[in-house]
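Going down the list, the sequences are from chains Z and F.
Taking the numbering used here, the leading residue of the first sequence gets 2, the next gets one more, and so forth.
Taking the numbering used here, the leading residue of the second sequence gets 5, the next gets one more, and so forth.
Beta carbons: idealized from backbone N, C-alpha and C, even for Gly.
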Amino acid sequence: MLKKFLLTSFFFFILSIYAEDDFWPMFRRAENCDGSLYWDNPNKIAINEWHLKREKIKNRKYSRDIPVWTSPALSIVNGIPMAYAGGCDQTLYALNLAEKKIAWTKITNGNIIDSPIVANFAGQQLVFFSSSDRTIYCCEAFSGRVFWTKELIQPSNTISGVEISSPSFHQDKIYLNCFAYDKSLPRNEQKAELFILSARDGTILSKTTVANGPVGPPLIFKVDKNVFLALCAKKGLLLCFDVTTIPIKKIWSYQMPNEVIAGPAFLSFEKQNSIFIGSKYGSLVSIDAKSGNVNWKFMTGNWIDNTACAGIIDNLPIVFTGSHDYNLYAINALTGEILWKRALGGEIFSAPVLFKIKGENFIVAASLNNHIYILNASNGNIINSFFTGNPIWDKINKGDTLWGSPSVLCAGDETAIIFGATSGNFYVFPTHKDCTMSSRAKAGESIWLSLLISGILIFFLIIFVLRINKDFS
Amino acid sequence: MNNSILDSNIFENFFSNIKLVEKAIMGYQGSYVELLTILAIALLAVISSIAPIKYRQLFRFFNQIAGIFIFVFVVFTCLGVFGMIRNFHRGLNEIGRENIVALYYMSVPLTVLVSTMLFGGTFCGWICPTGTIQEFVSFLTKKFHLKRKKSNLHSSLLFLIGTIIAAIIFLIWIWYLSQTRIFFIEDSCIYWSQAIIIILFFLAISQKKFDLKLRKLRVISFWIVVMASLASIRITSPVHLGFAKVYDPASFNATIMVIIASLLVPRFWCKYLCPWRLAICWAADKAPRKIIFEKDKCNSCNKCTDTCDMDAIQKGYIRNSDCIMCMKCIDNCPTNALKLKDDFCKKC
Numbered sequence: 002m003l004k005k006f007l008l009t010s011f012f013f014f015i016l017s018i019y020a021e022d023d024f025w026p027m028f029r030r031a032e033n034c035d036g037s038l039y040w041d042n043p044n045k046i047a048i049n050e051w052h053l054k055r056e057k058i059k060n061r062k063y064s065r066d067i068p069v070w071t072s073p074a075l076s077i078v079n080g081i082p083m084a085y086a087g088g089c090d091q092t093l094y095a096l097n098l099a100e101k102k103i104a105w106t107k108i109t110n111g112n113i114i115d116s117p118i119v120a121n122f123a124g125q126q127l128v129f130f131s132s133s134d135r136t137i138y139c140c141e142a143f144s145g146r147v148f149w150t151k152e153l154i155q156p157s158n159t160i161s162g163v164e165i166s167s168p169s170f171h172q173d174k175i176y177l178n179c180f181a182y183d184k185s186l187p188r189n190e191q192k193a194e195l196f197i198l199s200a201r202d203g204t205i206l207s208k209t210t211v212a213n214g215p216v217g218p219p220l221i222f223k224v225d226k227n228v229f230l231a232l233c234a235k236k237g238l239l240l241c242f243d244v245t246t247i248p249i250k251k252i253w254s255y256q257m258p259n260e261v262i263a264g265p266a267f268l269s270f271e272k273q274n275s276i277f278i279g280s281k282y283g284s285l286v287s288i289d290a291k292s293g294n295v296n297w298k299f300m301t302g303n304w305i306d307n308t309a310c311a312g313i314i315d316n317l318p319i320v321f322t323g324s325h326d327y328n329l330y331a332i333n334a335l336t337g338e339i340l341w342k343r344a345l346g347g348e349i350f351s352a353p354v355l356f357k358i359k360g361e362n363f364i365v366a367a368s369l370n371n372h373i374y375i376l377n378a379s380n381g382n383i384i385n386s387f388f389t390g391n392p393i394w395d396k397i398n399k400g401d402t403l404w405g406s407p408s409v410l411c412a413g414d415e416t417a418i419i420f421g422a423t424s425g426n427f428y429v430f431p432t433h434k435d436c437t438m439s440s441r442a443k444a445g446e447s448i449w450l451s452l453l454i455s456g457i458l459i460f461f462l463i464i465f466v467l468r469i470n471k472d473f474s
Numbered sequence: 005m006n007n008s009i010l011d012s013n014i015f016e017n018f019f020s021n022i023k024l025v026e027k028a029i030m031g032y033q034g035s036y037v038e039l040l041t042i043l044a045i046a047l048l049a050v051i052s053s054i055a056p057i058k059y060r061q062l063f064r065f066f067n068q069i070a071g072i073f074i075f076v077f078v079v080f081t082c083l084g085v086f087g088m089i090r091n092f093h094r095g096l097n098e099i100g101r102e103n104i105v106a107l108y109y110m111s112v113p114l115t116v117l118v119s120t121m122l123f124g125g126t127f128c129g130w131i132c133p134t135g136t137i138q139e140f141v142s143f144l145t146k147k148f149h150l151k152r153k154k155s156n157l158h159s160s161l162l163f164l165i166g167t168i169i170a171a172i173i174f175l176i177w178i179w180y181l182s183q184t185r186i187f188f189i190e191d192s193c194i195y196w197s198q199a200i201i202i203i204l205f206f207l208a209i210s211q212k213k214f215d216l217k218l219r220k221l222r223v224i225s226f227w228i229v230v231m232a233s234l235a236s237i238r239i240t241s242p243v244h245l246g247f248a249k250v251y252d253p254a255s256f257n258a259t260i261m262v263i264i265a266s267l268l269v270p271r272f273w274c275k276y277l278c279p280w281r282l283a284i285c286w287a288a289d290k291a292p293r294k295i296i297f298e299k300d301k302c303n304s305c306n307k308c309t310d311t312c313d314m315d316a317i318q319k320g321y322i323r324n325s326d327c328i329m330c331m332k333c334i335d336n337c338p339t340n341a342l343k344l345k346d347d348f349c350k351k352c
């Protein structure tokens, strides 16, 4: 009997670990913020190119302060690859990537400006997401049935500009930051709070004032046997809490040199546990996760306004970050030395995505020239790029809003990039198949062909202009 | 992992973080409408009217410096002459939808056009940073230009050598860029660089024969930018990198080509390729301010012809389509045969 019980428990334990890998429990999936989900795809389900074009919403004024789409959260639900993303139409979409259809939607009363998460709790696959209607929602991942909702801030005539971060899930608890601008309070008393909720019913287990002003998504990571949470306020205050027990304890804080829009990333390698975070100052900072001491700082040419991602490639810990100086950087996570940098066609606003296929590592990043790039993570060579369409409005507010980043579902030959673009469309780009969104990019070599053609055209144009004048003289 | 030498570029670091401010100064209604930019451009345009005659060229010099400062360190929209046209179209699209956004895009080109309608083409001669850079650069080869003018723009071996050097620089640069980055439609200003090289070769054959005819290319340049704007293709213009916050290699290439061309032909870009010149000409035609020529006072010294960078004046007779209202001809005329005439009352 005991043997059976132990075997069954062990079986479910293994299943739960496996199941946990199918989920997206925090912003950018894991503590290293790689933004990619691995799936062995046993039934060889095809993931094909898909453009989800949203119908135009009449009389809708697209505010520059909200992203068109949040970064999608990916999950395998009942063997089906699913993506979850909120939009500026106040709706959360659950998308069936295999059948290329909207599985379900959930309309809220506010804009969804931060990414949802998908977690496994009590045998159920659940989607947690927040909305600027001051509420966090918990829905069943497959059907969209609402289990519970929790209003975090009471409505008031003086409350405006609510920002609730992307939640994080760990051990039956939901962690998220909430900021509501209270017009009755002076600026220096506008506080953001870290909420810890029960994943079962949304009961508030803990509420801690953390910083002045809006705060980015929380990052959960483990060092030794303790569970820590790192978050960064928009005004640049990076905080680390020990959340192993409630009440939580503040461990350290660090003031970044400028505004921080996104969240931190974490990597553990050879007993060094580091947090990486970039700011609008343009520097990427590595901080020891336990002590809060700065390991190194790396300066780019312009803003860093999204989360970095970290990984280990060929036994070398690397952190990748994109900057508004057009470059994607690969930096040695231990020393801060630059390994490579690659200039893309525009300012890089997205968090990079690190993924591995058949032993090779790749990086995906989106830039403001409306393209997504795939690069070789080892040397930064651009392998492919996709055009994601022109933005639905031209005045993109750079640097004040966390724009949606791509996510990658790694399923061998069915690997696909999933991305909600500022064109209003939601895209699935397969990496190993032909894609109609052929990039407008010209390969470096083909520039010569284009110069030859244009040179001939210009020559004949000049001759034409000269002859026209001659005829009229 | 290699850190290829081709990956490093000192210019990227130079051009990063160039703006003094994070946002347009004096935004309006929480938007980025650049009130200070508009005021600054309007003021610079007015200075052309109020500058004392004796020190007019000195005022113009400082006005041009101020123009560069405003465009490089303050302006957020209309980053270059292509941007003027493109953003004007963009602003037109937003009227009735997002009026404040329309104002944001149209404010700078409208200010330029309105000031041109009032004060003539002074934007080109007194404010435009592209023109200013060319003028300052061509000062280095002033004697060469004067010598060529006096020889009636005959073919010159030095000119041909300069053209070949420009072509070599262009090709090497493109080769370097092709190794390190992907080009996009938005980088199409490299084709304008290419056009600069081809035009230089034609001028090397005979500038006298082809000069005036090649100025019609500005019309084609204008319509290409308009068509690109209608197709929502964003082509960055030369000197765009100096206005933007980031290093734009295609634009940098075009800027250097414009500078090299200006060494050989003063105000090369303004003469042959500037698309904004067409709009300026249209607006200047409406202006009450004109330069008039009193033939009976002229002693045919040709000083006006010699001083004009645009070659817009021949023995006192001015070609308005090329006049940038720099007023060098007026200030250098020994007999005051050229005068500035304002017909504001008549226009009203």
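Chain order gives the chain Z residues near F:Phe214 as Leu467, where near means a beta carbon separation below 8 Å. A distance below 8 Å separates the beta carbons of Z:Trp40 and Z:Ile77.
Per DSSP, Z:Pro68 is not a residue of any beta strand (DSSP E), being assigned neither H nor E. By the criterion of a C-beta distance shorter than 8 Å, Z:Ile154 is surrounded in its chain by Arg135, Ile160, Val163, Cys179 and Ala181, once the five residues flanking it on both sides are discounted. The C-beta distance from F:Val79 to F:Val112 rounds to 7 Å, short enough to meet the 8 Å contact threshold.
Remark: C-beta atoms of Z:Asn307 and Z:Ile262 approach each other more closely than 8 Å.
Note that the C-beta distance between Z:Ile137 and Z:Leu177 is below 8 Å. Residues of chain Z with a Cβ closer than 9 Å to the Cβ of F:Ala208 do not exist; the shortest Cβ-Cβ separation is about 13 Å.
With a beta-carbon spacing of about 5 Å, F:Lys345 and F:Lys294 fall inside the 8 Å limit used to define contacts. Contact between the segment 301-311 of chain F and the segment 268-285 of chain F is absent: fewer than three C-beta pairs spanning the two stretches fall below 8 Å. With a threshold of 8 Å between beta carbons, Z:Ser72 makes no contact with chain F.
Taken in chain order, the complete beta strand (DSSP E) segments of 3 residues or longer contained in the segment 273-301 of chain Z are 273-279, 284-289 and 295-300. In the pairwise beta carbon analysis, the segment 214-225 of chain F is classified as not touching the segment 54-74 of chain F: fewer than three pairs are separated by under 8 Å. In the three-state reduction of the DSSP assignment, F:Ile99 falls in the coil class. Contact annotation: in the segment 191-202 of chain F, residues whose CB is within less than 7 Å of a CB in chain Z are Tyr195, Gln198, Ala199 and Ile202. Looking at the DSSP output, Z:Cys411 shares a beta bridge with Z:Tyr39. Judged by DSSP secondary structure, F:Gln211 falls within the alpha helix (DSSP H) whose first and last residues are Cys193 to Leu218. Using a CB distance cut-off of 8 Å, F:Leu282 does not count as an interface residue toward chain Z. For Z:Val295, the number of other beta carbons within 10 angstroms of its own is below 16, and it is reported as exposed. With at least 16 other beta carbons inside 10 angstroms of its own, Z:Trp404 counts as buried.
In the DSSP assignment, F:Ala49 falls within the unbroken alpha helix (DSSP H) covering Leu39 to Ile54. Between the alpha carbons of Z:Phe24 and Z:Ser37 lies a distance of about 10 Å. Secondary structure at Z:Ser379: coil, using DSSP grouped into helix, strand and coil. Chain order gives the chain Z residues near F:Ile224 as Leu462 and Val466, where near means a beta carbon separation below 8 Å. Think of a sphere of 9 Å around the beta carbon of F:Ile178: the chain Z residues whose beta carbon falls inside it are Ile448, Trp449 and Leu452, in chain order.
Counted as a single uninterrupted DSSP element, the stretch harbouring Z:Ile262 is not any alpha helix (DSSP H), since DSSP gives it neither H nor E. Check the Cα spacing between Z:Gly87 and each of Z:Val354, Z:Pro187, Z:Arg146 and Z:Ile114: the tightest is with Z:Ile114. Between Z:Ile118 and Z:Ala74 the beta-carbon gap is near 6 Å, inside 8 Å, which marks them as a contact. With respect to the C-alpha of Z:Ser386, the residue from Z:Ala352, Z:Phe430, Z:Pro248 and Z:Glu415 having the closest C-alpha is Z:Phe430. For Z:Gly456, the nearest CB of chain F lies under 8 Å from its own CB, placing it at the interface with that chain. DSSP places Z:Leu220 in the strand class (E or B) of the three-state scheme. Beyond the five residues adjoining it in sequence on each side, Z:Ile249 comes within less than 8 Å, by CB distance, of Leu195, Ile197, Ser207, Thr209, Leu230, Phe242 and Asp243 in the same chain, given in chain order.
Excluding the 5 residues flanking it on each side, F:Gln198 has same chain C-beta neighbours closer than 8 Å at Phe174, in chain order.
Beta-bridge pairing by DSSP links Z:Gly87 to Z:Leu93. Under a 10 Å Cβ-count criterion, Z:Asp35 is classified as buried, with 16 or more other Cβ atoms of the shown protein chains found around its own Cβ.
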